[in-house]
Amino acid sequence: MKKTWIVLKTEFINTVTRRSFLLTLILVPLVPALILGGISLFGGDEGDSGSGTLFQPSQGDSLPDGYVDLSGIIKQLPPGLDSDFLVEFDNQDTARDAILADEIQGYFLIEKDFLNTGEMKYFREDFNPLTAMETTGIIDAVVRYNLLEGDLDQLETLSQPIQVNRVDLAPEVEERDNSHPLAFYLPYGVSLLFYVVIMTSASLMLGSITKEKENRVMEILMSSIKPVELFTGKILGLGFVGLLQLVVWLESGMLLLKLGGTTLNIPPNLQLPPQILTWGIVFFILGYLLYATIMAGVGVLVPNLKEASQATYVIIIPFLIPLMLVGVIIEKPDGLLSTVLSLIPLTAPNTIMTRMAATSVPLWQLLVAIGLLIASILLLLRGVAGMFRAQTLLTGSKFSLGLFVKTLLRTEKT
Numbered sequence: 044m045k046k047t048w049i050v051l052k053t054e055f056i057n058t059v060t061r062r063s064f065l066l067t068l069i070l071v072p073l074v075p076a077l078i079l080g081g082i083s084l085f086g087g088d089e090g091d092s093g094s095g096t097l098f099q100p101s102q103g104d105s106l107p108d109g110y111v112d113l114s115g116i117i118k119q120l121p122p123g124l125d126s127d128f129l130v131e132f133d134n135q136d137t138a139r140d141a142i143l144a145d146e147i148q149g150y151f152l153i154e155k156d157f158l159n160t161g162e163m164k165y166f167r168e169d170f171n172p173l174t175a176m177e178t179t180g181i182i183d184a185v186v187r188y189n190l191l192e193g194d195l196d197q198l199e200t201l202s203q204p205i206q207v208n209r210v211d212l213a214p215e216v217e218e219r220d221n222s223h224p225l226a227f228y229l230p231y232g233v234s235l236l237f238y239v240v241i242m243t244s245a246s247l248m249l250g251s252i253t254k255e256k257e258n259r260v261m262e263i264l265m266s267s268i269k270p271v272e273l274f275t276g277k278i279l280g281l282g283f284v285g286l287l288q289l290v291v292w293l294e295s296g297m298l299l300l301k302l303g304g305t306t307l308n309i310p311p312n313l314q315l316p317p318q319i320l321t322w323g324i325v326f327f328i329l330g331y332l333l334y335a336t337i338m339a340g341v342g343v344l345v346p347n348l349k350e351a352s353q354a355t356y357v358i359i360i361p362f363l364i365p366l367m368l369v370g371v372i373i374e375k376p377d378g379l380l381s382t383v384l385s386l387i388p389l390t391a392p393n394t395i396m397t398r399m400a401a402t403s404v405p406l407w408q409l410l411v412a413i414g415l416l417i418a419s420i421l422l423l424l425r426g427v428a429g430m431f432r433a434q435t436l437l438t439g440s441k442f443s444l445g446l447f448v449k450t451l452l453r454t455e456k457t
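With this note's numbering applied, the sequence shown corresponds to residues 44 to 457, in that order.
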């Protein structure tokens, strides 16, 4: 036990004191914090500047437009829009004179039967397609504003396209605002976070073993420590490293979402649920133990880092499946595919956390996933611990999935 503690402490301290690790640990939450601070500092007043106005037309150096209202619809201009943007004329002759005098660039003619036809004419000396859309938008908003008798709320509602949100008839699932961009990016970010943290920690296990084998350090270690003590110390030490990363990054993300909610107009129901940290730690530990044990077994078999890197691509394929299907999981977090992936040990940690960031996961699914993960880990630990023998550690061969499974099954029987 004492030697296991020494290995654990050595692996943890050596990893967390690396400059690359510290920079990654600090910069990952720091960069979004700086961006959020910049938005709050330089763009914080933009959200209030348009309060009470539907739009702020850009005049620049161009001349304003005019209008001749023969229908009598326009009685007032919306807030934020005055004669600097739209000038009223009693008749067309006055409006044409204003064009010739370079006082306006053109004018709209609203005929008496406008309410029946819905058509108006726009007169100007030359047609400019770059400004035609903006000028049409202005007069359109002015007419709508007056038809609604100055009701800005209704005008804003009519100006927005209709959004249809799908609602599943599942009473236990909390309804979310899926129209907000974060409805997709938040679960995707959680999925990516778990992939990075678990794979980084598990890969450290593989790299540590193969590096010591390649540098012949393993020969010295085998003369003073039992293989199982070495295995236990490494897997626990690097597990604490990954846990530190997860807690720091997940807590920072939750804090940034809370502090940036007003700045980024994040709806309250798109915040990460508080229990995601608790469940996140549980599924990280289980996911790490599963993949770190597999990586340790691979590290025992391969002779060098080159072979280890090639083997990693085979091992991570199952863990990549939830990341590749993240769009489907976020769109239908309670669908059949999401549920099945949540119950397969190799895909469960990532899928469960992605779903938790998108919806409420039923408790029975969490418990079944945990049970299946624990059973898989115990079987793998028993097999890989049997592979940690001096003879196996000091040798190596070209990795193949068949060799790994064959060796694992052989050690399970002994």
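Where a beta carbon is used, it is the ideal one built from N, C-alpha and C, also for glycine. Given the structure is predicted, the values throughout are model-derived calculations rather than measurements.
For residue i, which of helix, strand or coil comes out of DSSP?
| i | result |
| --- | --- |
| F132 | strand |
| V284 | helix |
| K118 | coil |
| T377 | The amino acid at residue 377 is misidentified as Thr; the sequence shows Asp. D377 falls in the coil class under three-state DSSP. |
| R61 | coil |
| N221 | Summary for N221: the model assigns pLDDT 49, below 50, so the residue's position carries little reliability, and this model does not support an answer. |
| K269 | coil |
| G123 | coil |
| T179 | helix |
| N347 | coil |
| A354 | helix |
| G323 | helix |
| D140 | helix |
| P405 | coil |
Verify whether the separation of the beta carbon atoms of residue i and residue j is less than 7 Å.
| i | j | result |
| --- | --- | --- |
| V233 | Q288 | no |
| K118 | N189 | yes |
| A354 | V343 | no |
| G276 | T47 | yes |
| A245 | M338 | yes |
| L293 | G330 | no |
| I387 | S381 | no |
| T247 | L281 | Reading off the sequence, residue 247 comes out as Leu, not Thr. Against a cut-off of 7 Å, the Cβ pair of L281 and L247 comes out as a contact. |
| M163 | I153 | yes |
| Y238 | N347 | no |
| L366 | A391 | no |
| L464 | I420 | Examination of residue 464 is not possible in this model, given that the chain is present from 44 through 457 alone. |
| P253 | A351 | The question names Pro, but residue 253 is Thr in the sequence shown. Against a cut-off of 7 Å, the Cβ pair of A351 and T253 comes out as a contact. |
Measuring straight from C-alpha to C-alpha, what distance separates residue i and residue j?
| i | j | result |
| --- | --- | --- |
| R61 | G180 | 58 Å |
| T397 | I78 | 24 Å |
| V130 | D183 | 15 Å |
| E217 | G149 | Bear in mind that a pLDDT of 49 at E217, under 50, signals an unreliable position, so the number given afterwards is only what the model happens to contain. Roughly 53 Å separates the two Cα atoms. |
| I395 | R425 | 26 Å |
| Y110 | G81 | 42 Å |
| F128 | L106 | 8 Å |
| V411 | E374 | 23 Å |
| W407 | V291 | 28 Å |
| E89 | G123 | Because E89 carries a pLDDT of 45, less than 50, the predicted location of this residue cannot be relied on, and no value is offered for it. |
| R259 | G445 | 27 Å |
| V341 | F274 | 13 Å |
| K256 | G378 | 45 Å |
| Y165 | V186 | 14 Å |
| V284 | K449 | 31 Å |
| I364 | I319 | 21 Å |
| V271 | A428 | 6 Å |
| E54 | Y231 | 31 Å |
I'd like to confirm the pairing. Which residues does DSSP put opposite residue i in its beta bridges?
| i | result |
| --- | --- |
| I11 | Coverage of the chain is limited to positions 44 through 457, which leaves residue 11 absent and any answer about it impossible. |
| V111 | F132, L152 |
| Y331 | None; Y331 has no bridge partner. |
| F166 | Y150 |
Taking 6 Å as the cut-off, is the CB of residue i close to at least one heavy atom of the ligand FAD?
| i | result |
| --- | --- |
| T67 | Because no ligand of any kind appears in the structure shown, any question about the ligand FAD cannot be addressed here. |
Counting only runs that start and end within the stretch 237-266, where is the alpha helix (DSSP H) found for 4 or more residues in a row?
Every unbroken stretch of the alpha helix (DSSP H) spanning 4 or more residues and falling wholly within the stretch 237-266 is given here in chain order: 260-265.
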